[in-house]
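Undergrad: If you use this note's numbering, the sequence shown corresponds to residues 324 to 506, in order. Take this structure first; my questions come after.
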Amino acid sequence: MSTDLSTFDPGDYRAGPRLKVLLWYFVNYYVFASAFPWPYGVKTWLLRLFGARVGAGLVIKPKVRIKNPWRLTIGDHCWIGESVWIDNLADVAIGSHVSVSQGAMLLTGNHDYTVPSFPYRLGTIRLEDGVWVGAQAVVCPGVVCGSHAILTVGSVASKPLDAWGIYAGNPAVFVRTRHMQPA
């Protein structure tokens, strides 16, 4: 038995209505993935137009890629850094006051390598309030990052991150507890 990609079947995954998916492709390419610094308000409006639930005060930098905005929820006062990729084949929920730094990836899909047709394995991602995903870090399918957890630069979260924990490495492991000084 060997891998046979000619038999690939996406299973239950459906991107959405074809016209919506096509229109989003152009909006994503020319506005979100563009290096041009479109105003945050325009990007927020477009995300909402395509079905995303977005709170107040979203900062979303240039060159961001979002697969399916209709599967995206973002809370209040979040920062999405330059070149972030939200590959949301399944739902992604981002709480309030969350920072997703430059080049980070939120990946809701993978493949089942134990089956010759290499079908999708999908899992939702949830970043609770106050989470910080460091630059070039990866959050894998099915991961919940607990309140105020930190995933450090270049780390890979393949398992849940506990609230107020700081995690580093590939796979990410607990390093220490996050402490904050009073404002």
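For each residue, glycine too, the CB sits at the ideal point set by N, CA and C. Given the structure is predicted, the values throughout are model-derived calculations rather than measurements.
1. Assuming Val423 and Trp402 make a contact with CB atoms under 8 Å, what is their CB distance in whole Å?
2. If we ignore side chains and look at the alpha-carbon of each, how far apart do Trp487 and Glu405 end up?
3. Which whole runs of the beta strand (DSSP E) in the segment 407–472 are 3 residues long or more, in chain order?
4. With a threshold of 16 other CB atoms inside 10 Å of the CB of Phe373, please say whether the residue is buried or exposed.
5. In angstroms, rounded to a whole number, what distance separates the CA positions of Ala358 and Met324?
6. Could you pull out every residue in the same chain whose Cβ sits closer than 8 Å to the Cβ of Tyr352, ignoring the five residues on either side in sequence?
7. Taking its Cβ as the centre, do 16 or more other Cβ atoms sit within 10 Å of Phe266, making it buried, or is it exposed?
8. Buried or exposed, going by whether 16 or more other CB atoms sit within 10 Å of the CB of Val497?
9. Whole angstroms is fine: what's the gap from Val365's alpha carbon to Gly446's?
10. Over what stretch of residues does the alpha helix (DSSP H) that includes Tyr348 continue unbroken?
11. Please work out which residues of its chain come closer than 6 Å, Cβ to Cβ, to His434, disregarding the five sequence neighbours upstream and downstream, and give them in chain order.
12. Taking the straight line between their C-alpha atoms, what separation do you get for Leu450 and Thr326?
13. Identify the continuous alpha helix (DSSP H) that holds Thr367 and give its terminal residues.
14. Using 8 Å for Cβ pairs, my map puts Ser470 next to Gly453. What's the rounded Cβ distance?
15. Are Val467 and Pro483 closer than 8 Å when you measure CB to CB?
16. For Tyr436 and Asp335, I'd like the C-alpha separation in whole angstroms.
17. Select from Asn391, Gly492, Thr367, Tyr443 the residue whose C-alpha is nearest the C-alpha of Asp414.
TA: On the basis of the data shown:
1. Between the beta-carbon of Val423 and that of Trp402 there is about 7 Å, and that keeps the pair under the 8 Å contact cut.
2. Each residue's Cα considered, the two are about 25 Å apart.
3. Within the segment 407–472, the complete beta strand (DSSP E) runs of at least 3 residues are 408–410, 415–417, 428–430, 432–434, 443–445, 448–450.
4. Buried, since its Cβ has 16 or more Cβ neighbours within 10 Å.
5. Approximately 45 Å, taken between the alpha carbons.
6. Hits under 8 Å: none found.
7. Limits of the chain in this structure are 324 at one end and 506 at the other, which puts residue 266 out of reach.
8. Reading the sequence as shown, one finds Phe at residue 497 and not Val. Exposed is the call here.
9. Val365 and Gly446: Cα-Cα distance of roughly 29 Å.
10. Looking at the DSSP string, the run of the alpha helix (DSSP H) that includes Tyr348 is 341–350.
11. Taken in chain order, the residues that qualify are Phe441.
12. Going from the Cα of Leu450 to the Cα of Thr326 covers about 34 Å.
13. Element bounds for Thr367: 363–372.
14. Sure, about 6 Å apart at Cβ, within 8 Å.
15. Yes, the Cβ-Cβ distance between Val467 and Pro483 is below 8 Å.
16. Straight-line Cα distance between these residues: approximately 17 Å.
17. Comparing Cα positions, the closest option is Asn391.
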